[in-house]
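Here the sequence shown stands for residues 1 to 155, numbered as in our numbering. Written below as C-alpha cells is the structure these notes are about.
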Amino acid sequence: MKKLIMLFIFILAFTTYNRGSGVEEENDKNKLTLENIYYELLKEGIQEPLIVLAQIYHETANLKSKVCLTKNNLLGFNSNKGYRSFVSWQECISYAKTWQDKRYKGGDYYLFLKKIRYAQDVNYIKKIKVTLAKINTLEFLTVCDESDDCQEIIK
C-alpha cells in the first residue's frame, strides 16, 4: 500500500510540474523579446522580417519606448488620435501584416519605405541598416515553426 501511495504522489508531482512548465513556456512566448517578435513576424508571414525587426528595434528604442510598453505599438502606427493602441504586441504584428499586404508589392523593401515616406527622418533607412547590423551581432536561440521546422534565425 505504501508503494502505491508513493507512486500516486510521484505521478501527481510529475504531472503538476509538467503543467507548470507548459504555462511557463506559453508565458515565455508572450514575453516582449526580439526573438519572440521575430518568431511572430515569421508566423504572420511578414515580408522582409529582418528589416521589420530592425524597424521595431529602432522604433521602440530596443523595446523600451513608452508607446511600445503602454500601447503595444511596435512600429509607431498612428490613428487620428495619435499612436494606435493594441491589446498585445502580437496584435500589432498582425496589424503590420495587414498594413504591409495593402502597400508592399515586392521589390527592394528599403526603397519601398522611402517611396511611401514611412518616416519623416531623412536618415531613417540608414538608421535601419545600422540597426539591422547591430541585430545581426546578437545571438538568438533556434526558433521552430508550427510544423517543428527549426532554424537559427540570427547568429
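Backbone N, C-alpha and C define an ideal beta-carbon position, used for all residues, glycine too. For clarity, every value in this text was computed on a predicted model and none was experimentally measured.
Three-state secondary structure assigned by DSSP to residue i
i	result
E24	In this prediction, E24 scores a pLDDT of 49, lower than 50, which makes its location untrustworthy; the coordinate-derived value is nonetheless stated afterwards. Three-state result, E24: helix.
T70	helix
K105	coil
L50	helix
N62	coil
L138	coil
N123	coil
S94	helix
Y118	coil
K31	coil
Cross-strand partners of residue i (DSSP beta bridge)
i	result
N78	Y83
Candidates the options, of which the one nearest residue i by Cα
i	options	result
K81	K71, Q90, S88, W89	K71
K66	I128, D108, R84, A54	R84
A96	K64, F77, F112, Y109	F77
D101	D28, E48, N30	E48
I56	L75, K43, L50, Y38	L75
L32	E91, S79, K114	E91
W99	K126, Y118, V130	Y118
C68	L50, S88, S79, I51	S88
Neighbourhood of residue i by C-beta distance below 7 Å, restricted to the same chain and skipping five residues each side
i	result
S21	Note that S21 scores a pLDDT of 49, beneath 50, so its modelled location is shaky; the value from the coordinates is reported in the next line. Correct list: empty, nothing qualifies.
F112	Y104
T131	A54, Y57, H58
I116	R103
Integer Cβ distance of residue i from residue j, believed to fall under 8 Å
i	j	result
L53	L41	6 Å
Neighbourhood of residue i by C-beta distance below 6 Å, restricted to the same chain and skipping five residues each side
i	result
G45	none
Residues near residue i by beta carbon distance below 8 Å, same chain, minus five either side
i	result
S94	E44
K29	N36, Y39
I128	I51, A54, Q55, H58, Y110, L113
V23	Residue placement at V23 is flagged as unreliable, the pLDDT there being 49, under the threshold of 50; a coordinate-derived value is accordingly withheld.
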